[in-house]
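In my numbering, the protein residues as written are 165 to 541.
Inspection log for the structure reproduced underneath, given as structure tokens.
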Ligand SMILES: Cc1cc2nc3c(=O)[nH]c(=O)nc-3n(C[C@H](O)[C@H](O)[C@H](O)COP(=O)(O)OP(=O)(O)OC[C@H]3O[C@@H](n4cnc5c(N)ncnc54)[C@H](O)[C@@H]3O)c2cc1C
């Protein structure tokens, strides 16, 4: 029989690890269940903390969360400094480039929306853009600067969170098969061997796989949105290739290059709903082709890794986050789609507020995990 804990977290991706750490640092006993932590979408993520340049039409409602979370990052990371693991947080800012006329129009229209929401995005001359990033190629025809869009290295952040969990909480290396739910209250996680991890509060944070847990009080309409992503090493002669995150619209397709402090560059990412979980040759071709339009020297880099992972998507691209009426002791935190790394600090804080019985902030109602149930719309 597993020891009773205050909080059982199912899933050790960036979201589950973040929630576990927030609960630990507020004094709760925590056990996190995951057979293979940080090997899902977290392993692939570029780690852009980019509320402005990641803003998409019809996702403006997410800004309250994304901007709040970006502001919480420095404090969240400083709480982990004692682990001695540098999470690769870099205040690089972001440059956004357009290639053809339609890309320019789309980015200028987006800039209007961004400034309407008080996000700091400015058009800069190409001369100015090239002064700060000399590797920008001749195909760029317009540039925008998003100085507050930064980055973290999700693998390193996950390593720091795992180290913190190992020191002050407990990792249960097993798969959860369901929830111990009697129709009124969830009292723990059921593990694959049939044993129960009893807990006062259970948090479902296992990304895409959350929908398959037995005993859920509502349907979780998650779907995989695959992303191919590359890691490239910059040869010494080309160091530093970039000092900002450089992203762009290349004839309508988004691509980004995130320079890491260790001399690598992360090049991403495709968005596919074709059901193929392996790295797509067409996806890799598209990424390299488009990145070369922004920064031609990409062709000179060494390909270290090509990876594909699925983002946990929802019908409205917003997370499933919060409590479910009729299931006391349960919190759901999944469906973070393109924003899970960015949203980790705020999701962690909100989930622990909820399990501590603090009132649900009004804006959080919008993300109710059961909002797609009949009668909830
Ligand atoms: C190519 C790509 C690039 C991205 N770039 C960014 C970015 O720049 N910025 C950003 O904010 N977001 C980015 N994202 C999105 C981000 O990666 C996700 O939103 C985030 O990882 C979701 O975190 P998660 O913890 O919910 O899920 P995951 O990271 O998928 O973790 C789920 C965990 O649950 C575990 N698990 C599964 N089933 C069970 C079970 N039954 N029992 C116990 N554990 C289980 C898995 O082992 C895994 O560790 C990107 C995603 C991709 C694919």
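Cβ coordinates follow ideal geometry from the N, Cα and C atoms, glycine included.
This structure is a prediction, so every number in the text was calculated from the model and none was measured.
Counting along the chain, residue 473 sits inside the beta strand (DSSP E) bounded by residues 466-477. Looking at the DSSP output, residue 403 shares a beta bridge with no other residue.
Counting of Cβ neighbours within 10 angstroms places residue 289 among the exposed residues, the total staying below 16.
Rounded to the nearest angstrom, the Cβ distance from residue 397 to residue 464 is 11 angstroms, too far for a contact under 8 angstroms.
Judged by DSSP secondary structure, residue 278 falls within the alpha helix (DSSP H) whose first and last residues are 265-280. As a beta-bridge residue in DSSP terms, residue 172 pairs with 195, 366.
Residue 516: member of the alpha helix (DSSP H) spanning 504-519, first to last residue. In this structure, residue 196 places its C-beta atom within 8 angstroms of the C-beta atom of residue 335.
Under the 8 angstroms Cβ criterion, the region 339-355 does not count as touching the region 253-266, having fewer than three qualifying pairs. Look at the beta carbons and you see the region 303-311 not touching the region 415-434: under three pairs across the two are nearer than 8 angstroms.
The region 389-409 makes contact with the region 424-440, as at least three CB pairs between them are under 8 angstroms. Judged by their CB atoms, residue 386 and residue 375 are nearer to each other than the 8 angstroms cut-off.
Remark: the shortest separation between the CB of residue 299 and any heavy atom of ligand 1 does not fall under 7 angstroms.
The Cβ neighbour count for residue 312, taken over all protein chains shown within 10 Å, is at least 16; the residue is labelled buried. About 4 angstroms separates the beta carbon of residue 419 from that of residue 454, a gap short enough to meet the 8 angstroms contact definition.
When only Cα atoms are considered, residue 501 and residue 488 end up about 20 angstroms apart. Here DSSP, grouped into helix, strand and coil, assigns residue 303 to coil. Contact between residue 495 and residue 518 is confirmed by a C-beta separation of about 6 angstroms, below the 8 angstroms threshold. By the Cβ neighbour-count rule, residue 504 is buried, with 16 or more other Cβ atoms within 10 Å of its own. Under the three-pair Cβ rule at 8 angstroms, the region 217-237 does not count as touching the region 181-196.
Within the same chain, and ignoring the five residues on either side of residue 449 in sequence, no residue has its Cβ closer than 6 angstroms to its Cβ. When 330, 177, 490 are compared, the shortest CA-CA separation from residue 319 is found for 177.
Closest in C-alpha terms to residue 257, from the list 214, 331, 394, 191, comes 214.
Annotation: the continuous alpha helix (DSSP H) that includes residue 179 extends over 178-189.
Counting only residues of its own chain and dropping the five nearest sequence neighbours on each side, residue 342 has a CB closer than 6 angstroms to the CB of 354, 377, 378, 379. In the DSSP assignment, residue 451 falls within the unbroken alpha helix (DSSP H) covering 445-458. A straight line joining the alpha-carbon of residue 284 with that of residue 275 spans about 9 angstroms. For residue 341, the enclosing beta strand (DSSP E) begins and ends at 340-345.
Proximity of the beta carbon of residue 405 to ligand 1 is not indicated: no heavy atom of the ligand is located closer than 7 angstroms.
Of the residues assessed, residue 218 falls on the buried side of the cut-off, its CB having 16 or more other CB atoms within 10 angstroms. Closer than 7 angstroms to some heavy atom of ligand 1: that describes the Cβ of residue 204. Annotation for residue 440 indicates a beta carbon at 7 angstroms or more from all heavy atoms of ligand 1.
In terms of Cβ geometry, residue 422 and residue 459 do not form a close pair [threshold 8 angstroms].
The beta carbon of residue 220 sits closer than 7 angstroms to no other beta carbon from its chain once the five residues preceding and following it are set aside. The closest heavy atom of ligand 1 lies 7 angstroms or more from the beta carbon of residue 363. When the Cα atoms are used, residue 363 and residue 345 turn out to be separated by approximately 12 angstroms.
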